[in-house]
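Colleague: Encoded as structure tokens, here's the structure I'll be asking about.
Number of protein chains: 2
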Amino acid sequence: MSDCEAPVAVTRGRRGRNQQLVLDALRQTDKPLGAYELLRRLRGLGVYAPLQVYRALDRLIAEGIVHKIESVSAYALCTHAGCASEGHAVFAVCTRCGLATETHDASLARLLARLARRQRFQVQATTVELSGVCEACAGTTA
Amino acid sequence: MSDCEAPVAVTRGRRGRNQQLVLDALRQTDKPLGAYELLRRLRGLGVYAPLQVYRALDRLIAEGIVHKIESVSAYALCTHAGCASEGHAVFAVCTRCGLATETHDASLARLLARLARRQRFQVQATTVELSGVCEACAGTTA
DNA sequence: ATCGACTATGTTATGTTATTACATTCGTCA
DNA sequence: TGACGAATGTAATAACATAACATAGTCGAT
């Protein structure tokens, strides 16, 4: 990944300003953030309306750089290089601390593909999420 | 509550009235319904507020009778008997017609369990959804 | 340089989904 | 009957997402 430490990095490459801001905000945390949480964090940097965030997210998701985690309506950076092409991320989302861990598994991808083929369903996107308690949280007050 | 001449009884067993109404509404369709769509369909039957629907859904989901389909924020009857105990339903959701087909697969369940164990994640619920085009819709205007 | 096309943005308003908080009613059983 | 817990009613609001329309930057071809 490139550095981009400039606070605001104006329209760099093919990436818009808001897109870069949202990306930077997501880089600064290890938890998925909701669109309005992103909005709060970017106030004062020229981002004032939900649409600015949603548009940026749409593009980042289309690029495969960001995933939406449906079960919590939040957005996380993709921690896997070629996700755009391969898809099939699995998220383990902790209900206590909010951490979402992304993993990938080729046999899962095959299995889902087989299930879809069996019913002649043309898959465009897959959502696989596990909700539960992560190892760290299981230790505390378990 | 005056009449309720509806086919199904008032507060039957341990099931509340609203719960039964929501269940009946879901039975009358093959597509997942949003909470507010359910609300619209139940107006005039004594259901006027979102909370009435959400509470009913919460309980039905807890019973394993209804699933929430996260990727479309809608609710569908479980078409699989012992879902409450086994979990691991897979939904194929058609983006054209809205139909959601539920399937189950033991090896998928094992695979997800293995993935979770690998990172010592205690799974409470799983969400597996395929978004795409169903066989019927692929035929039309394909 | 400037025109045009395209992409990104800004702004306002609104639609959709879900929850909080608190009061009331119902069912059961000692 | 009265107490208790479960279910319900009601109002308000929070959280998530998009529609519609106007404006401004980017870039290539003339």
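Protein chains in written order, with our numbering: chain A, 3 to 144; chain B, 3 to 144. Every residue gets a Cβ at the ideal spot worked out from N, C-alpha and C, and that includes glycine. Given the structure is predicted, the values throughout are model-derived calculations rather than measurements.
Taking the straight line between their C-alpha atoms, what separation do you get for Arg112 of chain B and Ala138 of chain B?
Modeller: Each residue's alpha carbon lies about 31 Å from the other.
Colleague: If we call anything under 9 Å between Cβ atoms a contact, is Gly100 of chain A one with Val74 of chain A?
Modeller: Against a cut-off of 9 Å, the Cβ pair of Val74 of chain A and Gly100 of chain A comes out as a contact.
Colleague: Roughly how many angstroms separate the alpha carbons of Thr31 of chain A and Arg19 of chain B, rounded to a whole number?
Modeller: So the two alpha carbons sit approximately 45 Å from each other.
Colleague: Would Cys96 of chain A count as contacting chain B if we go by Cβ distances under 9 Å?
Modeller: Chain B contact via Cβ: present.
Colleague: Indicate whether at least one CB of chain A lies closer than 9 Å to the CB of Gly191 of chain B.
Modeller: Because chain B in this structure spans residues 3 to 144, residue 191 of chain B falls outside the shown range and cannot be described.
Colleague: Answer yes or no: do Val125 of chain A and Leu132 of chain B have a C-beta to C-beta separation smaller than 9 Å?
Modeller: In this structure, Leu132 of chain B lies closer than 9 Å to Val125 of chain A by Cβ.
Colleague: Look at Leu79 of chain B and Ala58 of chain B and say whether their C-beta atoms are less than 9 Å apart.
Modeller: Against a cut-off of 9 Å, the Cβ pair of Ala58 of chain B and Leu79 of chain B comes out as no contact.
Colleague: Looking at the unbroken beta strand (DSSP E) that takes in Ile71 of chain A, where does it start and where does it end?
Modeller: 68-71 is the span of the beta strand (DSSP E), which, as asked, contains Ile71 of chain A.
Colleague: Would you mind sorting Arg43 of chain A into buried or exposed? The rule is 16 or more other CB atoms within 10 Å of its CB.
Modeller: So Arg43 of chain A counts as buried.
Colleague: Residues of chain A with CB closer than 9 Å to the CB of Gln126 of chain B, please, in chain order.
Modeller: In chain order: Thr97, Leu132, Ser133, Gly134, Val135.
Colleague: Against Asp107 of chain A, what residues of chain B qualify as contacts under a CB-to-CB distance less than 8 Å, listed in chain order?
Modeller: Under the 8 Å cutoff, chain B gives Leu113, Leu117.
Colleague: Take Ala91 of chain B as the anchor and find which of B:Leu35, B:Ala83, B:Leu53 has the nearest alpha-carbon.
Modeller: Cα-wise, what sits closest to Ala91 of chain B is B:Ala83.
Colleague: Would you say Cys96 of chain A and Arg122 of chain B are within 9 Å of each other, going by their C-beta atoms?
Modeller: No, the pair does not count as a contact, with Cβ atoms beyond the cut-off.
Colleague: Are the beta-carbon atoms of Val130 of chain A and Thr128 of chain B separated by less than 9 Å?
Modeller: Yes.
Colleague: Whole angstroms are fine: how far does the CA of Phe93 of chain A sit from the CA of Thr105 of chain A?
Modeller: The straight-line gap from Cα to Cα measures roughly 6 Å.
Colleague: Report the residues of the segment 35-62 of chain A with a CB closer than 7 Å to any CB of chain B, ordered along the chain.
Modeller: For the segment 35-62 of chain A, which is checked against every Cβ of chain B, not one residue is closer than 7 Å.
Colleague: Out of A:Ala37, A:Gly66, A:Gln22, state which residue places its alpha-carbon closest to the alpha-carbon of Ala51 of chain A.
Modeller: Residue A:Ala37 is the option with its Cα nearest to Ala51 of chain A.
Colleague: Assuming Leu25 of chain B is part of the alpha helix (DSSP H), what are its boundary residues?
Modeller: Per DSSP, Leu25 of chain B belongs to the alpha helix (DSSP H) from 19-29.
Colleague: Apart from the five residues just before and just after Thr81 of chain A, which ones in its own chain have a Cβ nearer than 8 Å to its Cβ?
Modeller: Same-chain partners within the cutoff: Glu104.
Colleague: What separation, rounded to the nearest whole angstrom, lies between the Cα atoms of Leu41 of chain A and Leu117 of chain A?
Modeller: Spanning the two alpha carbons is a distance of roughly 39 Å.
Colleague: Mind checking who Phe93 of chain A pairs with in its DSSP beta bridge?
Modeller: The partner list for Phe93 of chain A (beta bridge, DSSP) reads A:Glu104, A:Glu131.
Colleague: Does the beta-carbon of Ala108 of chain B have 16 or more other beta-carbons within 10 angstroms, so that it is buried, or is it exposed?
Modeller: It counts as exposed.
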